[in-house]
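Note sheet for the following structure.
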Amino acid sequence: MLDVYHEEVKKEIANSPFVAVIADETTDVACEFQLVIIFRYLCKGQPVERFWRFYVPDGHDAKSIAACVLNVVNPLIDQNPNKLIAQSYDGASVMSGELNGVQKIIKETYPLANYVHCYAHQLNLIMTSACSVNKQARIFFHNLSGLCSFFSTSPQRTKILDEIVNRRLPRSSQTRWNFQSRGVHTVYENRKDLIEVMDNIESTSRDSSSINQASGYKLKLQDTNFVFWLSIFHKIMPHVEIVFNQLQKVCTDSVKVKNDLENFEAAIQTIREQMDSIIDEIERVQRETDEPARKKRQVEEGSKKREALEICDAVLSQIRTRFNFSGHLVASNLFVSEKFSVYKHQFPEAHLNDTCTQFSFLDKNRLKTELQVLYQREELSTTSGAVPLSILLNEEGLNCTFQETLKLLSILITIPMSTSEAERSFSMLKRIKTFLRNTMKEERLSALGMLSAEKHFVSGIENFNNKNQLSYQYYIEV
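Under UniProt numbering, the very last position in the sequence shown is 478; numbers go up by exactly one each time.
Dropping the structure here:
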């Protein structure tokens, strides 16, 4: 059954100009490690994502995962190494690390397979990876998540929160950046009131569990380490959020990307330079808001400063790595239909140069000629979006006339790119993860996963049942 499905996918990949590989480390309900591989490519002018199968690599390190991915990719496109145009990962930093991650190993074999940041979880992965370098920072975010869950699971506690703070804490989520960001800001701005809430719960609640948890979170809200990291991330997060939103814009260019990154680095550098005064401010605020009688540990200034600087450097490194390749964002500017009237009189030479630098196999002179014609044609300039434009050019029989244009459009469509496409681009990955939440690891897992996630595709395979029966008979005979 899975073999029949794979043969059909192989045919589609063979007929597509480019392909992108999407991989993720995930677990099933038994907490067994799984590696899922998905291919994204063009089929009949439309981008599709096909689940391939689950794997259990020999190890969790970059080399083992890369070997697993290459064992799948090589037989499919080893005769055309330029066909793999992108690789995207939705998991641990070992997969996307700049120096020794999976993406670097894959690119040694497939030089055009640029690592494209996975936008499915937005900034959550960046902050998770950055915080992984420091034990206290990891503990802080776990405690923050627990504090938010403490209120979201109880109407009685929420009522007290509303009466005293008059503001809700965000619901806990491990995969959404806006939870972490809003959670930090809300707790930072209302820490003193939250301590009062915990006192109220201790005094009025009859539930022993609520009293115990309230006492624990009260101590946590007064804890030196918790307050320190709360203040540090309250300083850092707004800048991370700004640069992320700036770099996610579809209408961007290499100059703006460079400027946005430089501005972000300057902002983080300012925080680094002001770390001594930030630590002094943290201690001052604690003295003013906490009970004077409470004995607190003194902030080990040298140690805390080193840890905070380490987090700043890690955040910078994560942003640089994840947005190292932005050629697809720059190239997309060539096909913004709203700008065609401007491009008709003032050709976007800078965008073309950047695009051809990123994708050196394109014929620059021919592409420029084709784009000049494209911008002049009214019936073509009214089409908005890479997919509709690609379909229109093919339907009008212009695939030879706009050969390089269609090649570039195929690249842009194949590469998972912008925020607005995030939910659609990783819909297959989400379906696979949903399937894993309701199953266990076993031999038939990949086949069952395929049927669950690809039922519409399978239903369209001609004589699938007959082919599957023949495959089964062959398996029995062997």
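Quick reminder that beta carbons are idealized off the backbone N, C-alpha and C, glycines included.
Because the structure is a prediction, the values reported are computed rather than measured.
Look at the Cβ atom of residue i, then the Cβ atom of residue j, and state whether they are nearer than 8 Å.
{"i": "Leu230", "j": "Arg272", "result": "no"}
{"i": "Leu147", "j": "Ala113", "result": "no"}
{"i": "Ile282", "j": "Val227", "result": "yes"}
{"i": "Phe340", "j": "Glu370", "result": "no"}
{"i": "His351", "j": "Leu412", "result": "no"}
{"i": "Pro17", "j": "Leu42", "result": "yes"}
{"i": "Ala331", "j": "Gln358", "result": "yes"}
{"i": "Asn134", "j": "Glu307", "result": "yes"}
{"i": "Asp363", "j": "Glu404", "result": "yes"}
Rounded to a whole number of angstroms, what is the C-alpha to C-alpha distance between residue i and residue j?
{"i": "Val285", "j": "Glu189", "result": "12 Å"}
{"i": "Gln246", "j": "Val4", "result": "44 Å"}
{"i": "Leu398", "j": "Asn259", "result": "38 Å"}
{"i": "Ile22", "j": "Arg40", "result": "7 Å"}
{"i": "Ile38", "j": "Asn333", "result": "27 Å"}
{"i": "Gln346", "j": "Ile106", "result": "39 Å"}
{"i": "Leu144", "j": "Ser208", "result": "22 Å"}
{"i": "Arg320", "j": "Pro47", "result": "28 Å"}
{"i": "Gln318", "j": "Ser410", "result": "28 Å"}
{"i": "Glu202", "j": "Arg157", "result": "11 Å"}
{"i": "Ala214", "j": "Ile164", "result": "15 Å"}
{"i": "Lys441", "j": "Val9", "result": "Bear in mind that the predicted position of Lys441 carries a pLDDT of just 48, short of 50, making it unreliable; the figure below should be weighed with that in mind. Roughly 24 Å between the two C-alpha positions."}
{"i": "Thr224", "j": "Phe140", "result": "11 Å"}
{"i": "Gly101", "j": "Ile195", "result": "43 Å"}
{"i": "Ser64", "j": "His6", "result": "23 Å"}
{"i": "Glu262", "j": "Ile211", "result": "48 Å"}
{"i": "Asp162", "j": "His142", "result": "23 Å"}
{"i": "Leu2", "j": "Thr204", "result": "60 Å"}
{"i": "Leu408", "j": "Ala62", "result": "31 Å"}
{"i": "Pro348", "j": "Ile415", "result": "22 Å"}
{"i": "Ser132", "j": "Lys304", "result": "16 Å"}
{"i": "Ser277", "j": "Ile232", "result": "12 Å"}
{"i": "Ala66", "j": "Ser154", "result": "45 Å"}
{"i": "Glu395", "j": "Cys356", "result": "26 Å"}
{"i": "Gly385", "j": "Ala137", "result": "42 Å"}
{"i": "Asp78", "j": "Asn15", "result": "15 Å"}
{"i": "Arg191", "j": "Leu221", "result": "7 Å"}
{"i": "Met275", "j": "Glu288", "result": "20 Å"}
{"i": "Val387", "j": "Pro57", "result": "35 Å"}
{"i": "residue 479", "j": "Leu70", "result": "Because the chain in this structure spans residues 1 to 478, residue 479 falls outside the shown range and cannot be described."}
Among the residues of its own chain, which have a CB less than 6 Å from the CB of residue i, if the five just before and after it don't count?
{"i": "Lys343", "result": "According to the sequence shown, residue 343 is Tyr rather than Lys. Closer than 6 Å at the Cβ level, and outside the excluded window around Tyr343, lie Tyr375."}
{"i": "Asn178", "result": "Annotation note: pLDDT 44 at Asn178 (below 50); position unreliable, coordinate value reported separately. Cβ within range, chain order: n/a, list empty."}
{"i": "Tyr55", "result": "Leu35, Cys68"}
{"i": "Pro111", "result": "none"}
Excluding the 5 residues flanking residue i on each side, which residues of the same chain have their C-beta closer than 8 Å to its C-beta?
{"i": "Leu380", "result": "Leu374, Leu389, Leu392, Leu393"}
{"i": "Ile268", "result": "Ile236, His239, Cys312, Val315, Leu316"}
{"i": "Thr383", "result": "Ser337, Leu389, Leu392"}
{"i": "Lys218", "result": "Ile195, Met198, Asp199, Glu202"}
{"i": "Arg366", "result": "Gln403, Glu404"}
{"i": "Glu108", "result": "none"}
Report the partner residues of residue i according to the DSSP bridge assignment.
{"i": "Cys43", "result": "Gln46"}
{"i": "Glu25", "result": "Leu35"}
{"i": "Asn114", "result": "Ala86"}
{"i": "Arg284", "result": "DSSP, once it has assigned bridges, lists no residue as partnering Arg284."}
{"i": "Ala14", "result": "For Ala14, which the question treats as bridged, DSSP gives no partner whatsoever."}
{"i": "Tyr55", "result": "Leu35"}
{"i": "Val19", "result": "Tyr41, Leu84"}
Quick check on the DSSP output: the beta strand (DSSP E) that includes residue i runs from which residue to which?
{"i": "Ile85", "result": "84-89"}
In terms of residue numbering, what span does the alpha helix (DSSP H) encompassing residue i cover?
{"i": "Lys339", "result": "It is not in any alpha helix (DSSP H) - Lys339 carries neither H nor E in the DSSP assignment."}
{"i": "Ile211", "result": "208-222"}
{"i": "Asn74", "result": "62-77"}
{"i": "Ile106", "result": "102-109"}
{"i": "Phe402", "result": "Phe402 -> no alpha helix (DSSP H), and no H or E assigned at all."}
{"i": "Gln156", "result": "155-164"}
{"i": "Val373", "result": "364-376"}
{"i": "Gly146", "result": "135-152"}
{"i": "Asn190", "result": "Premise fails: Asn190 is in no alpha helix (DSSP H) and is neither H nor E."}
{"i": "Asn80", "result": "No alpha helix (DSSP H) holds Asn80; DSSP gives it neither H nor E."}
{"i": "Ser132", "result": "Unbroken run through Ser132: none, as it is neither H nor E."}
{"i": "Pro388", "result": "386-395"}
Please list, in chain order, all residues of the same chain as residue i whose beta carbon is under 7 Å from its beta carbon, the five residues on each side excluded.
{"i": "Tyr265", "result": "Just to set this straight, residue 265 is Glu in the shown sequence, not Tyr. Closer than 7 Å at the Cβ level, and outside the excluded window around Glu265, lie Leu316."}
{"i": "Leu76", "result": "Lys10, Ile13"}
{"i": "Ala130", "result": "Ile311, Ala314, Val315, Gln318"}
{"i": "residue 479", "result": "Missing from the structure shown is residue 479; the chain here goes from 1 to 478 and no further."}
{"i": "residue 503", "result": "This structure gives no information on residue 503, because the portion of the chain shown stretches from 1 to 478."}
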